[in-house]
Each structure stands twice: as structure tokens, then as C-alpha cells.
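Protein chains in written order, with the working numbering: chain H, 32 to 335; chain E, 2 to 210; chain Y, 55 to 726; chain X, 7 to 480.
Cβ coordinates follow ideal geometry from the N, Cα and C atoms, glycine included.
Report on one structure; see the data block that follows.
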Amino acid sequence: MSGTGFILIILTSFFFTGILIRTKSIFSGRKGPGIFQPMKDIWRLFHKENVYSQTSSFIFKIAPDIYFASILIAIMMIPFGNQKGIFSFNGDFVFFAYLLAAGKFFSIISALDTGSSFEGMGASREALYSFLAEPAFFLLMGSLALLTGYTSFSDIFSSISFDSYISIAIGTLASFVLVLISMIENSRMPVDDPKTHLELTMVHEVMILDNSGFDLGLILYATNLKFAMYGAIIANLFLTPGKELYYSVPIFIGAQTLFAVIVGASESFIARFRMSHNPQFIITIGSVSLLIFFAVLLMLGKYI
Amino acid sequence: MTNILLITFAISLIYMGIANRLSTYINILALQGIILFGVSFIELIQINTLNLIFILFETIFFKTLAIPLFLNYIIKKNSITREAEPYLPDFISVVIITAIILGSFILSNIVSGIFIRKMFFLAALAAVFSGLFIIITRKKIVTHIMGYLVIENGVFILSLSAANKMPILVNLGITLDIFVSVLVLGVFVNRIGNTFEEMSVDNLNNLKD
Amino acid sequence: MSLSLFIILITLLFSLLMFFIKESWAGTIALGSVLINTAISSWVAANAVLGHSFEEIINTGVVFGDIPIRVDALSGWFILMMNFTVLTGILYGRRYMKHYENKSGMLSLHFASYIINHISMIGIFMVQNSLAFLYVWEIMALSSFIMVIFDYKNPETLKAGINFLIQSHVCILLLTLGFIWVSTQTGSYDFDAIRQYSVSVSPAISLSLYLVFFIGFAIKAGFVPFHTWLPYAHPVAPSHVSGVMSGVMLKLGIFGILRMLVVMNQNYLIIGYIVLIVSIISGVYGVMLAIVQHNLKKLLAYHSIENIGIIGIGIGIGAIGIGINNPYLAFAGFAGALLHTLNHSLFKSLLFYNSGTIYQTLHTLNIDSMGGLIKKMPHTALLFLISAMAICGLPPFNGFVSEFLIYVGLFEGVHSGSLSIITFFIITIAGLALIGGLALLCFTKAFGIIFLGQERSQFEHEIVEAEPSKLFPGYLVLVFIMAIGLFPQVFIRLLINPVNVFTAGLENASPSLAMITNIKSISLVAWAFIVAIASIWAIKHFVLRNKKDVIAPTWGCGYSAPNSKMQYTASSYVRSYRKLIGPILIMNKKEGDIKGVFSSPIFSHTHPYDKMESILIDYPLKILNKVMSRVRFIQNGNMRYYILYGVLFVIIIVLVSLLSGMATYVFNLLKQ
Amino acid sequence: MFIYYLIISLLIGAATMLNRNRVVRIVLLILFLVVQTTMTIYAYYHLNEENSGYFKFDALGVIFLCVLTILSYTTIYHSYVYLKHRKDSIRSQSIYFAALIILIVVMTCAYLAAHLGVLWVFIELTTLSVAVLIYHERTPLSLEATWKYVFICSIGITITFIGIILLSIAIQETNIANFSFKAIPAQLINVNTSWLKMIFLLMIVGFCTKMGLFPMQTAAIDAHTVAPPPISAFISTTLMNVGFVSIFRTYTMFSHTPILKWMNIILMLSGIISIIVSAAYLLKVNHLKRMSAYSSIEHMGLAAIGIASGGIGYFAAIFHMILHSFVKASVFYQIDQFHRNFKTYMISETGNYFNRNKAGAMVFLIILIAITAMPPSGLFITEFWIFKALFTSSHMFIFIAALFFLTVCIYSLTKNFLFILFNQTKDLLPAEEKPNSTETYTQYFLLAIVVYLGINPPEFMINLLNDAVSILPK
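The following block contains the structure:
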């Protein structure tokens with residue numbers, strides 16, 4: 032059945048952030064909270080009432096729902112190994128990307144809706160980074176489409192296989208790019224430090240300064256989901272097709288956990304960039320995915 | 002005989018180049034009238050009398066008497082100063098007019114296979130171009146008319162060279178041209194004289210962009 | 055009597071009537087005429103789109119000869135699109151123009167040219183006789199020129215009007231060149247003559263002929279670098295006119311390019327490449343400049359350039375698809391292009407109507423001085439929001455569908471083509487993604503700054519929502535935007551015939567069906583998205599049913615007295631972006647410097663300027679002026695010179711012919 | 007018949023000269039118009055008919071005669087309006103109208119002249135009769151302009167005359183009849199080509215003064231500037247047509263000799279230079295009448311190019327001249343009203359005409375469209391044909407250059423007209439009398455003709471045009 036991926040991602044999302052935070056605390060020599068603590072916080076938030084700024088309008092009220100919904104639907108497109116996602120069709124990753132963009136659109140304008148200078152700042156940065164990151168993702172998917180000859184998540188991932196060195200190189204590069212993209216999309220290190228306490232240096236947190244209660248809960252959980260989603264995509268790269276569930280589910284969980292640990296580790300060892308350095312960093316991702324494209328061309332022997 | 006007259010005519014052109022008195026110009030014009038009279042008398046003795054009389058009348062009466070007098074009258078009436086006031090030094094004028102004569106000589110040699118006597122062609126062409134030259138390089142408005150008259154003389158010579166087969170109509174044309182233009186121009190010169198105190202073309206370049 | 059003549063007569067009648075009645079009636083008259091023409095032409099066009107082409111031949115005397123009126127599916131599609139926008143345009147315009155009644159004295163002229171413009175556009179889509187085509191084309195340009203200079207009290211308007219007229223004249227010159235070229239070779243004005251000619255000559259020649267036409271039409275369509283008239287003409291025109299111009303008139307250029315592609319069906323591959331390159335540049339460049347604009351309508355104008363670029367990408371893909379004989383690719387490309395043509399006409403006209411409404415309430419178009427309008431004008435805000443999302447190509451709205459088609463085509467092409475095609479397409483994909491991201495930045499700025507937050511400046515007049523009759527056309531458009539977004543498959547079916555005009559030649563495994571099934575799933579997901587939003591919203595309200603929202607001031611991060619001046623402005627919102635693309639822009643900056651301890655209020659203005667314009671237009675004009683001033687010694691008022699010219703003319707020509715005679719003589723000597 | 011026409015109309019002219027009574031003058035004018043019209047109709051119905059020796063009702067002449075007759079109605083009407091507002095002395099008015107009548111008669115003769123000498127004589131006469139009209143306002147400027155016009159035209163006409171003499175020398179004949187346009191071509195068969203070239207060159211340069219082509223366009227412009235607007239209308243339409251007719255006849259005369267290509271080059275050169283010059287001056291000219299004059303120069307250049315490129319170009323050139331006459335005439339009629347409204351011709355000192363005189367402003371707007379050769383103006387079609395001919399004769403360089411400089415002209419014209427119509431920056435004092443919209447009817451009428459002829463020229467006109475170009479080499 033095609034819902035497996037969806038369910039698994041939802042499951043992962045419960046403990047993903049927990050693992051991440053746990054890793055960080057371990058590296059910094061603390062015990063740290065339990066891995067379900069973030070979910071508990073979110074659950075608590077779900078029972079709180081909303082506080083709205085008097086400046087804000089219905090945009091601010093509706094935005095979190097749309098943001099959340101966009102990510103939910105996006106997840107439904109993620110396949111699981113050789114099982115299709117709930118929605119799967121040619122070029123579904125285009126839809127995927129634009130759906131996320133729609134969500135982002137609303138989170139940005141809801142930030143602007145409050146009329147706060149800080150949130151405007153965050154919105155501006157978010158918009159800037161996302162438009163810089165778009166081409167990288169599409170280049171990557173284009174290269175994969177070229178490699179496999181298919182134009183939908185499920186076909187691409189189910190037909191991708193690592194038998195030659197170059198394909199392994201491609202796989203590593205691809206997962207690298209995906210990790211970085213997810214870093215940007217979830218505004219983690221090195222682009223953004225969620226733990227910073229100075230609004231001037233925030234990107235994502237500063238956008239949601241005015242959100243509270245249920246809405247805040249939605250947004251936070253959406254972030255977890257997003258993480259899990261990207262993790263799933265990366266995991267899909269390595270799910271060799273045709274394996275049974277009892278074989279592939281652990282791989283999936285493992286990959287996700289590994290991803291979370293990596294993120295946590297990187298956050299505890301890397302320092303964030305200066306704001307002005309972020310753009311060129313993001314551009315670099317684009318050029319890396321261009322490298323993937325050339326690699327694919329080499330592999331297909333179209334480019335000798 | 003004709004050729005001698007024509008050469009004299011050409012010389013008169015050169016003289017016009019160096020003359021710097023209006024009275025001299027007028028005299029030269031009168032002289033040219035006489036020359037033309039002579040030429041036409043010699044050339045046209047055998048054509049029908051009416052035509053001959055008409056042409057002789059034209060040369061003697063208009064070119065030699067009427068127009069010079071008329072010009073004198075204008076100059077007196079408008080108290081025009083007596084210098085021609087050329088833009089170029091006389092030396093260059095002479096050189097250029099000589100060049101014109103030389104050029105027309107070459108040109109008359111080039112055009113071949115046409116029944117026209119080269120001397121006539123030369124004189125006519127030289128007159129026309131020197132007339133234009135005078136108009137272009139002299140400052141006074143009256144000298145414009147004089148240059149114009151020189152051109153007319155050239156045209157007349159040209160017509161003479163073909164006159165024995167020349168339709169009277171065109172001959173009429175010449176008359177009309179000289180008569181009318183000189184009259185009209187004279188009238189306007191008078192007007193200009195009344196309008197501007199100083200009869201120089203410098204008064205007449207207000208219409209420009 | 056023939057349909058076309060009937061339409062023409064009706065229109066002339068109405069436009070004459072215009073001058074003999076009260077100004078306040080002009081709008082209604084125009085509406086009537088538009089309705090009649092729309093009804094007739096749409097009937098013909100709809101039949102054509104459904105597969106029954108229309109053809110008649112009008113014989114008009116010696117000048118034009120026979121004028122063939124042919125409406126195939128392609129023309130039909132464009133006519134339907136055009137009619138709808140023109141209709142909403144007049145519906146909006148006659149309300150919009152109420153403000154100017156008995157003020158400018160140009161109202162009747164304006165509306166007369168509006169309806170004349172309408173039929174001239176119908177004519178452009180129908181007529182297939184090159185001389186008549188030029189005729190209607192020029193009438194279209196003229197009438198739109200008159201509409202542009204409506205607000206003549208503002209000197210900017212006249213400048214822009216002249217700029218527009220001249221550039222459209224240049225476009226006409228190129229078309230004239232092309233048509234003369236053909237008609238001298240074939241002796242016929244019929245478009246079929248072009249077809250025969252283009253197949254009879256060598257590919258290189260027919261390609262160059264096509265390029266002449268392409269550049270001509272590209273000026274009208276506003277492809278970079280032929281776009282410079284566009285950002286001036288659109289802002290100064292009345293908003294419904296800007297809507298029609300940007301929504302429809304640019305598409306005339308697109309139509310011309312497509313029509314010539316059909317007529318000359320030759321070397322598709324190379325044409326595809328050319329169109330693709332130009333389009334990518336247009337798309338990226340257009341949106342890049344759009345972002346930094348402060349004037350709302352100018353921003354929208356630059357966005358038209360970007361959208362034209364997207365359409366062009368579709369055309370390029372389609373042409374390449376035919377070139378490499380890949381029906382799926384061709385279908386995706388052309389369907390995407392045609393659908394995006396329609397979509398752009400919808401949301402761009404809607405955006406311009408809204409900007410008009412805003413302009414009439416605030417009397418300014420400067421984004422930085424707006425803000426918080428959403429509370430005063432919720433309907434306008436909603437319309438603007440939806441159309442902004444649509445133009446960014448976000449699901450579940452129509453803009454996404456066409457871009458999706460193009461993406462599908464690109465990815466399809468990526469693994470079916472040669473190396474060059476792959477490389478081109480990958481670059482195009484990246485470019486398209488970049489365009490999408492930039493559009494997002496641009497319209498979050500536009501919507502966010504204009505409608506959200508607090509008012510950034512005080513207006514002496516109170517701000518109220520536009521009256522319903524002004525909103526109605528907007529909602530009419532909105533219906534279509536939603537419809538295309540949620541039921542794309544219907545429109546894809548309608549597109550089969552128009553696209554077939556191009557792909558008829560291919561031996562195709564009818565790609566449309568596969569495409570339609572694919573598109574069906576889009577609508578499915580779109581619905582799912584909406585349902586998800588609704589359900590989450592419902593859940594939220596269920597959970598919080600017995601908690602009431604708390605209203606508090608915006609959190610100022612500890613600063614207790616925030617005011618509206620502290621908000622992010624449009625300029626500050628895009629500042630970091632502006633720094634990034636600095637080299638491409640020309641930013642004219644004016645700043646007053648601080649004097650003394652208690653300085654007088656200082657200012658800082660930035661005016662973005664188009665670099666291409668300064669290179670391609672301003673500099674050559676400077677040269678031209680220099681040259682021309684050299685010629686201006688002739689009329690110097692000094693008669694001696696006047697005579698000298700004649701003399702010199704004679705002498706020079708005599709000398710030259712003599713010398714040439716000698717030269718030939720010597721040459722013959724040498725030959726022996 | 008024609009001789010009677012001459013006598014009658016000259017008598018009427020003399021009567022107008024002597025008459026001092028308003029009513030009688032009106033009667034005389036109407037009488038003259040009747041005579042002129044009957045003459046035109048007679049000429050049309052006796053096409054290609056020799057008449058009273060030196061005249062012939064050939065197609066070319068008749069076409070332009072029709073134009074002249076139509077325009078003489080409007081011009082006389084507008085002259086009447088013009089004089090009414092100027093409040094001139096009765097005497098000067100009589101002189102004005104007499105000269106006008108003479109001018110019309112003389113131009114008629116020039117159109118219909120079938121004999122080189124006669125044509126020449128009448129062209130000279132047009133110069134003189136128009137000189138009186140140009141000088142009508144009696145200001146120093148008008149004096150200067152008239153002086154220049156008369157002088158340069160005399161020079162030009164003399165140059166032409168030299169050409170004629172050389173021609174007469176070339177064709178060794180004594181019989182006057184052999185100087186008619188019909189007879190000349192046959193006698194040019196075995197004439198030295200360089201000689202022919204010189205003849206053609208001289209004659210063309212002479213006629214350029216009338217047609218307003220480079221190199222002799224200068225005088226015509228100054229004449230436009232100072233002449234009363236209705237007369238400017240005549241100078242830049244029917245009078246330039248005289249020049250065109252004479253050039254066209256000369257061209258036809260030589261068109262079967264070996265120098266055809268050479269002639270084309272000369273005309274092409276003259277035409278393109280005229281266009282360039284007009285473009286250069288239109289860019290900076292500030293005097294409305296001068297602007298219109300320069301635009302006439304531009305159109306003359308186009309017509310010359312049309313002739314030079316042959317083929318359909320001949321046809322197009324004549325057609326172009328006709329339409330241009332109607333447009334340009336209406337320009338100057340409107341300029342008269344414009345001048346009464348603003349008391350100046352300087353464009354920079356006017357503005358907002360659209361609100362001062364709606365009817366006149368609409369005329370200007372339509373004229374702008376018409377004169378820049380945009381549809382529905384008929385000039386669009388003729389220019390299209392001219393450029394087609396140019397393309398066919400494969401003068402690519404001229405083709406591009408002409409298109410380019412025409413665009414420059416269009417830019418300048420649009421700029422200036424829009425300034426006049428809409429500019430708000432100037433605070434002008436209001437017009438003295440309320441503009442009278444009935445004065446614009448003639449312009450609407452003429453412009454309507456232009457549009458109609460462009461879309462669907464009547465059968466007889468096409469036949470006339472074809473007849474006029476039938477002798478020329480295809």
C-alpha cells in the first residue's frame with residue numbers, strides 16, 4: 032500500500048527533533064531532554080489560545096494552517112522505496128517544490144502582517160534564501176531525471192541504483208546537496224542558528240515572533256515534519272528497490288536517525304556564517320548540483 | 002570676328018572678377034550688351050528679319066541701355082555705397098573665374114558629336130558660372146542682380162549658337178525672363194532699400210533654423 | 055453580408071456615436087459595442103477551437119485585393135482570451151473612468167479608441183493578407199497610443215506615449231520589411247504565399263525572413279532587449295488599459311511569432327533554440343528588475359516581461375519538440391505556452407485593475423508610502439493576493455498549471471534529447487526555478503508592503519473599499535483563475551485543437567491523453583491541499599472553541615513604543631537582494647547629508663534604471679543627435695549658400711559621371 | 007476651348023483687381039470657381055486631346071488639375087476667412103484675390119502644357135504670381151522670404167532654360183511643334199548620352215526649386231514661413247505638384263534613352279538627401295509652418311524616390327503626391343485657425359490646444375496620423391508601395407536609410423503635435439475670439455478623402471494613374 036511512506040514520516044517526525052537536540056546536548060556534555068520532549072511542548076501549545084497582534088489581519092490567522100497543510104500534502108508525495116507516495120504522477124516533484132513555496136509565501140506575508148521591523152527582516156532573508164535555493168533543488172532533480180529517465184519521485188527513487196563508482200559519487204553528492212537544502216529550508220546551521228537569542232541574527236525564528244498558542248504549535252510541528260520529509264528523501268536514495276518492508280523500514284528509520292545525528296553534530300561543531308556570507312554559500316549548493324549534472328552526463332556517456 | 006567678340010566677352014568676365022566699383026559692373030554689363038549685339042548681328046544676318054530685329058532690339062535696348070540705367074537709378078535712389086564688397090580678395094576671384102573659363106574649355110572639348118561651336122559653348126558656360134560665382138561671393142544685393150544678368154548673357158550666347166534654328170518662342174522666353182525678373186527684382190530691391198537702411202545681404206538672413 | 059464587415063460597421067457606428075452624446079454615456083456605449091463584437095467573434099472563435107475552422111474571402115478593390123479571413127483553432131484560442139480580457143477591461147474601465155468625467159474632455163475619444171482597438175485586435179487574429187494585417191496592426195498600435203496618452207496632463211504620459219508609438223512603429227517597419235520581401239518575391243499578399251516562398255528558398259533565407267518577423271513581433275511582445283517601451287507605457291496608461299495592454303496586446307506579439315511559425319513551418323530546431331535563449335534572458339531579467347521597482351504599475355510591467363519570457367520558453371520547447379519530432383515535448387511546450395498566455399492575461403489584468411483601484415483611493419502608486427490597506431479594502435486585498443499567488447505560479451492557482459506543463463516538457467526533453475538539448479533544458483529548468491523564486495520575493499514584497507502592516511504615510515482623504523461594480527470584473531476574472539487551477543484537465547482538452555495546429559505534421563502517439571491523465575492528478579492534489587487547509591482550520595477552531603483570542607500589540611522585542619515608521623519598507627525588504635545583483639542594475643541614488651547637530655530632515659531616494667535601455671536606446675540616440683546636428687548647416691538663412699548647393703550639386707555630379715566614365719574607359723583598356 | 011478659359015479667367019482676375027466692392031468680389035470668385043470647375047470637367051471628358059496648340063488634356067495633367075480645382079475651393083474659402091480676420095485694406099485684398107486667381111490659372115496651364123517651352127514659361131509665371139501673395143503681409147520677414155524665393159526660383163528657372171537650349175541644340179530641328187513632349191523622345195534616339203545627362207541634370211535642378219527637392223529646397227521653406235497660411239497650403243501642395251509634373255514629364259521624356267539608370271540615381275540621391283535634411287531639421291524646428299514645410303520636403307523626397315525606383319513606384323509617387331496635397335492643405339488651413347488662437351507660430355509658446363479648440367485639435371490629431379503615414383491614412387498605402395518598389399529595385403541601402411529617417415521624422419512630428427495639443431506647462435492668455443468649428447469642416451472633408459482614397463480609390467482615378475504611367479518603361 033502506498034501510505035507507508037506517509038505514516039513512517041509522521042512517525043519519524045515525532046522523535047526526529049528530539050534526537051537532534053539530544054545529540055547536541057551530548058556533544059556539549061549535557062544529559063539533555065528526552066527525545067519526545069519537543070513533541071510534548073508542541074502538544075502543550077496545542078491547548079493554548081492564540082494571541083494576535085492588533086496590527087495583524089486574517090492573513091496572520093490563516094497562514095500557519097496553510098503552511099502546515101502545504102507540508103502535509105508535500106509529504107504525501109514522498110515515496111517509500113519502490114512504493115509510490117499517496118500522490119504520484121509525472122513531475123510531482125515540481126508540484127512538491129511549488130507547494131512548499133506556497134506555504135513559504137504565506138509564512139512570509141504573515142510575518143509582514145504584524146508590521147514589526149524584526150519580522151520583516153526575517154521575511155526578507157527567508158525569501159532571499161528560498162529563491163537562491165530553488166535552482167539547486169531543480170538542478171538536482173533534473174540530473175536525477177536524466178540519470179533514471181523518469182520524471183516522478185517514485186519512479187526515480189525506485190529505479191536509482193548504485194552499481195558503479197560514479198553513481199555512488201552521484202549518490203553521495205546528491206545526499207550532500209539534499210542535506211544542505213534541508214538545512215536552508217529548515218533554517219538550521221550554518222545558515223541560521225535556531226538557538227540564537229539576538230533577533231537581528233535570526234531568520235526563521237524571528238518570523239514567528241508573534242505567533243503563539245495553536246498556531247505556534249502548528250509551525251513548530253511543521254518544521255519537524257519538514258525535517259522528517261527531507262530525511263525521507265535522502266533515505267529514499269539508499270532504499271534499494273524490491274526489498275520487503277521488514278528490511279526497508281529499519282533502513283529508513285536508521286537513515287533518518289543518522290540524518291538527525293549528522294545535523295545535530297554539525298550544529299554543535301560548525302559556527303554559523305555571517306548573514307552576508309549566506310548567499311554565496313547557497314549559490315555553492317547550486318554549483319555542486321551542476322557538478323552532479325555533469326557527472327550524470329559522464330555516466331550516460333553523452334559527454335565524453 | 003565672332004570669336005574675337007566672344008573672347009572679349011570672356012575677358013570682360015575676368016575684369017568683373019577684379020572690379021570693385023558698382024559703376025564698373027554696370028559698365029561691363031553695358032559692354033557685354035554691345036558685344037552680344039555684335040555677335041547676334043553677325044550670326045543672325047540670314048534669318049528672317051522680324052526675328053533679327055527683335056533680337057537686336059533686345060540686345061541694344063534692354064541689355065545695353067535700359068538695364069544699366071535702371072540699375073544706376075536704383076543705386077542712386079537707395080544711396081548704395083559704391084564698393085562691391087566681395088567676400089573674397091580679388092586675387093582669388095580672378096583665379097576662380099580663370100579656372101571657370103578653363104573648366105568650361107575642357108568641358109566644351111569633352112562634349113563631342115553635337116552641332117555647336119565650341120567657342121559659343123565656352124563663352125556661355127563661362128558666363129553662367131561666373132555669374133553664379135559673383136552672386137555667391139558678393140555682399141550687396143544689387144550685385145546679385147548683376148550676377149544674374151551675367152548669367153542671362155551667357156544663356157543668350159548659348160541660344161545664339163543655336164539661334165538660326167531657335168524657335169522664337171524660346172527667344173521670347175529669354176526676354177520675359179530678363180524683363181520680368183529684373184523688374185521684379187528691381188522692385189524688391191527698392192522695397193529692401195526702403196525697409197533696411199543698409200542694402201546688404203546681412204539684413205536678409207533672419208529666416209533660418 | 056459578411057460577418058467581418060458587419061462587425062466593422064457596428065464599431066464605426068458606435069465610435070462615431072461616441073462624439074455626439076454626453077461623456078457619461080460613452081462608457082456604456084463602448085460596453086455595448088464590445089458586447090456585440092465579443093458575442094460575434096467569440097461564437098466564431100469557439101467553433102474554431104472546437105475544430106470547425108472559419109474561412110471567408112472579402113474582395114476589396116485594387117488596394118488590398120482579396121482579404122482572406124481565416125480563423126483556425128490558434129486564432130480562436132487567442133480571440134477568446136482577448137475577448138474576455140477586453141470585456142472585463144471595459145466593465146472595469148467604465149467605472150474607473152467615472153473619476154475623469156468632464157475633467158479631461160478626452161473620454162469619448164478614449165472609449166472610441168478602445169472599441170476600435172478591440173476590433174483591430176480581432177482583425178489581427180483573423181486577417182491573413184499581409185497588407186491588411188499591417189493595416190489593422192497599425193490601427194491597433196495607434197488606438198492604444200491614444201488610450202495611453204489619456205492622462206495627458208502629466209508630462210510623463212506624453213513622453214511614454216511617444217516612446218511607445220515610435221517603438222511600435224519600428225516593430226511595424228520590420229513587419230513591413232518582411233511582408234514586402236515576400237510580396238516582391240511572390241507577388242501575393244496572402245499568408246499562403248509566405249508558406250510557399252519559405253519552402254521554396256534555402257533554409258538560411260527562410261530563417262532570416264523568420265528572424266525579421268520574430269524581431270518585429272518581439273518588440274511588441276516585449277522580449278528583452280526589445281522591451282524598453284513597456285515599463286514606460288504601462289504605468290502611465292489608465293489601469294484598465296494597462297490591463298488590456300499587458301494582458302492582450304503583448305500576446306499579439308506572441309501570436310505573431312506563433313503564426314509565423316505555423317505559416318513558415320521551417321527549421322524549427324534552430325528557431326526553438328533562439329526563442330529559448332531570448333526567453334530565458336527575458337524571464338530572468340524582467341523579474342530581476344521588477345523586484346527593485348517602487349512604482350506598483352512599473353513593477354507589474356516588468357513582470358509582464360518575465361511572463362512573456364515564460365511563454366517564450368514554452369514556445370521554444372514546443373518548436374524544439376517538433377524539430378526533434380517528439381510529440382510529447384511539442385504538446386507540453388505549446389500547450390504550456392498557450393495556457394500561460396491565457397493565465398497571464400487573467401491574473402495580470404486583475405493585478406492592474408487592483409492597482410487602478412489602489413491608485414484611485416490613495417492617488418499614488420509608490421509602494422513605500424502604502425501599507426495596511428487590507429483592513430480598509432479587504433476585497434481588493436483578496437483579489438490582489440490570489441492573483442499574486444497565481445502569477446508566482448503557486449498551486450492551486452492557474453499560473454502553476456501552465457508552468458507545470460512547461461516543466462514537464464523540460465524534464466521530458468531532458469532524457470530524450472541530444473547533449474545540446476539536454477544542456478539547454480537543464481539551464482532552462484534552473485532559470486525557470488530562479489524565476490519562480492524571484493517572483494515569490496517580488497510579490498511577497500508587493501502584497502506584504504501594500505496591504506499588510508500599518509499605514510506608512512497619512513492621506514488626507516479617507517480610504518474606502520471600491521464600489522461593487524468596480525470589484526465585479528475582478529471577481530469574474532477570479533472565477534477563471536480558480537477554475538483553471540482546480541480543473542486544469544478541462545482547459546487542456548480545449549487546448550488539443552490549438553496545439554494540433556502545430557503538431558499536425560508529426561506522427562504522434564496522441565500525447566494529449568497521457569498529459570490529461572497527468573493533469574487530472576494535479577487537480578486532485580490541488581483539491582487535497584484545499585481540503586487539508588480547511589480541515590486544519592476546522593480542527594483549530596474545534597480545539598479552541600471555548601477559548602477566545604487575545605489581542606495585544608505587536609511584540610517590539612522590548613521596545614515599547616513602535617510606530618509605523620519602524621516597519622520594513624519595500625526598499626529595505628529587497629535591500630540584500632539589491633546588493634546581490636548590484637552589477638546588473640543602475641541605481642540612481644540621491645541623498646541629503648546631515649548638517650549640524652540637530653539636522654533638518656534628510657532624505658534618500660533610489661531610482662532603478664534599466665541598464666539595457668541606457669546601452670541600447672540612450673547611447674545610439676546621442677550619436678544620432680550628434681550626426682543630425684552636423685547636417686543642420688544647410689538652412690543657414692544665407693542665400694549665397696542656397697545657390698551654392700545647386701551649383702555644387704551640378705558640378706559634383708558632372709565630375710563624378712565624367713570620372714566614372716574615364717574609370718570605365720581605363721578599365722576596358724586594361725581588360726584588353 | 008482652353009484659350010477661352012484663359013481669356014475668361016484672366017478677365018475675371020483683372021476685374022477682381024479693379025473691383026472694390028465686397029459683394030461683387032464674392033460673385034467674381036464664385037464665377038471663377040465655376041469656370042475652373044467646368045474647365046476641369048471638360049478636360050476630364052476630353053482626355054488625351056490636343057487643345058489650342060500648346061496644351062493637352064493628358065492623364066497626368068488632368069489628375070493634378072482635379073486636385074487643384076478641389077483645393078482652389080477650400081483655399082479661396084480660407085483666404086476669405088484669413089482676410090476677414092486680418093482686416094486688410096480693400097485694395098490689398100483685391101490684389102490678393104487677383105493674384106490668387108492668376109496663380110490658379112497659371113498652374114492649370116502648367117499642368118496641361120504639352121510643350122516644353124510653354125511649361126517653362128508658365129512655371130516662371132507661377133513664381134511671379136505667387137511672389138505677390140507671399141509678400142502679402144508686407145513685413146520685413148516676408149520681404150526677405152519673397153526676395154529669396156523669387157531670386158532662387160529665377161536662378162533655377164534659368165538653369166532649366168539652359169537645359170532646354172542644350173536640348174534644342176541636341177535635337178537639330180527648327181520646327182516648334184517638335185518641342186512638344188510627344189515629339190521629343192523620338193528625336194533623342196541618337197544623341198550623345200553625356201549630353202543628355204547634362205540636359206537632364208540642368209532641367210531637374212531647375213525644377214527642384216518648384217518641387218522643393220534637394221538641392222533647391224531652401225527657398226520654398228522660407229516662402230512657407232511668411233506666406234498667408236492658405237497660400238502656404240498652395241505652395242506646398244499644388245505648386246509643388248507643378249514641380250513634380252514638370253520633373254515627371256522630363257523623366258518621361260528621357261525614360262526611353264540609355265540614361266534611365268543614371269536618371270534614377272540622380273533622383274534617388276536628391277530624394278534621400280531631402281529626407282535626411284528634413285529629418286535633421288524636424289528634430290529641432292520650433293516654427294509650426296516651417297515644420298510643415300520640412301515635412302513637405304520629406305514627402306517630396308519620398309515621391310522622388312518613388313519615381314527613381316520605377317515599377318509600381320511611378321504609380322505610387324503620383325498617388326502619394328495627390329494624397330499629400332490634401333493632407334498638407336488641411337494642415338495649413340488649420341494652422342491659420344491655430345495662429346488666430348495663439349497669435350504665434352512658435353510651438354514652444356503654445357500648448358493645451360486640445361482644450362482651447364476641440365475641433366481644431368481633433369484635426370491636428372488626425373493630421374498627425376495622416377501625415378506620419380499611419381492607417382487609416384492613405385499615405386500608408388502609397389508609402390508601402392514606394393518602399394515595395396524600392397525593395398524590388400533592390401536599393402537596400404536607400405531602403406533602410408529612408409525607413410530610418412522617416413522614423414526620425416515621425417518622432418519629431420509626434421513630439422511637436424502632442425506638445426501643441428496637450429502641453430500644460432505654459433500659462434497662456436486665453437484666445438481672443440471663440441474658435442469657430444465650421445472652419446474645420448474643410449479639413450475633415452479633405453482628410454476623409456485621403457482615408458477613402460487609401461482604402462478604395464475609385465475606378466476612374468486608377469485608370470487615370472495607369473494611363474499617366476503607361477508610357478514609362480515597366
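- Taking the Cα positions, residue 427(X) is about 8 Å away from residue 370(X).
- Within chain E, the C-beta atoms nearer than 8 Å to that of residue 712(Y) come from 111, in chain order.
- Under the 8 Å Cβ criterion, the stretch 496-506 of chain Y does not count as touching the stretch 195-209 of chain H, having fewer than three qualifying pairs.
- Neighbours of residue 403(X) across chain Y, judged by C-beta separation under 9 Å, do not exist; the nearest C-beta is about 14 Å away.
- In this model, residue 180(H) and residue 546(Y) are separated by some 25 Å (Cα to Cα).
- Excluding the 5 residues flanking it on each side, residue 120(Y) has same chain C-beta neighbours closer than 6 Å at 111 and 113, in chain order.
- Using a 10 angstroms sphere on the CB of residue 404(X), the tally of other CB atoms reaches 16 or more, which defines it as buried.
- Rounded to whole angstroms, the gap between the alpha carbons of residue 26(E) and residue 73(E) is 11 Å.
- Residues of the stretch 267-297 of chain H whose Cβ lies closer than 7 Å to any Cβ of chain Y: none.
- Residue nearest to residue 459(Y) within the set 694(Y), 433(Y), 486(Y) and 439(Y) is 486(Y) (criterion: CA-CA distance).
- As summarised for the stretch 598-646 of chain Y, the continuous beta strand (DSSP E) elements at least 3 residues long and confined to that stretch are 604-606 and 640-645, given in chain order.
- Going by DSSP, residue 326(X) is part of the alpha helix (DSSP H) stretching over 318-348.
- Residue 223(X) and residue 699(Y) have their alpha carbons spaced roughly 10 Å apart.
- For chain E, the residues of the stretch 128-149 of chain X that bring a beta carbon within less than 7 Å of one of its beta carbons are 130, 134, 137, 146, 147 and 149, in chain order.
- Using beta-carbon distances, residue 137(Y) does not count as an interface residue toward chain H, since no partner is under 8 Å.
- The beta carbon of residue 196(E) sits closer than 8 Å to some beta carbon of chain X.
- By DSSP's assignment, residue 114(Y) forms a beta bridge with 119(Y).
- Under the 8 Å Cβ criterion, the stretch 145-154 of chain E counts as touching the stretch 158-168 of chain X, having at least three qualifying pairs.
- Per DSSP, reduced to three states, the secondary structure at residue 223(Y) is helical.
- Using a Cβ-Cβ cut-off of 7 Å, residue 166(H) is close to 484, 487 and 488 of chain Y, given in chain order.
- Looking from the CA of residue 171(H), the closest CA among 203(H), 219(H), 34(H) and 82(H) belongs to 203(H).
- Assignment of residue 109(Y) by DSSP, reduced to helix, strand and coil, places it in the strand class.
- Counting the other CB atoms within 10 Å of its CB gives residue 659(Y) a total below 16, which places it among the exposed residues.
- Using a Cβ distance threshold of 8 Å, residue 339(X) and residue 448(X) count as a contacting pair.
- By the Cβ-count criterion, residue 412(Y) is buried, with 16 or more other Cβ atoms from all chains shown falling within 10 Å of its own Cβ.
- With respect to chain Y, the C-beta atom of residue 121(H) has a partner C-beta closer than 8 Å.
- Residues of chain E whose Cβ lies closer than 8 Å to the Cβ of residue 189(X) do not exist; the shortest such Cβ separation is about 13 Å.
- Here DSSP, grouped into helix, strand and coil, assigns residue 22(E) to strand.
- Looking at the DSSP output, residue 674(Y) sits in no beta bridge, so it has no partner there.
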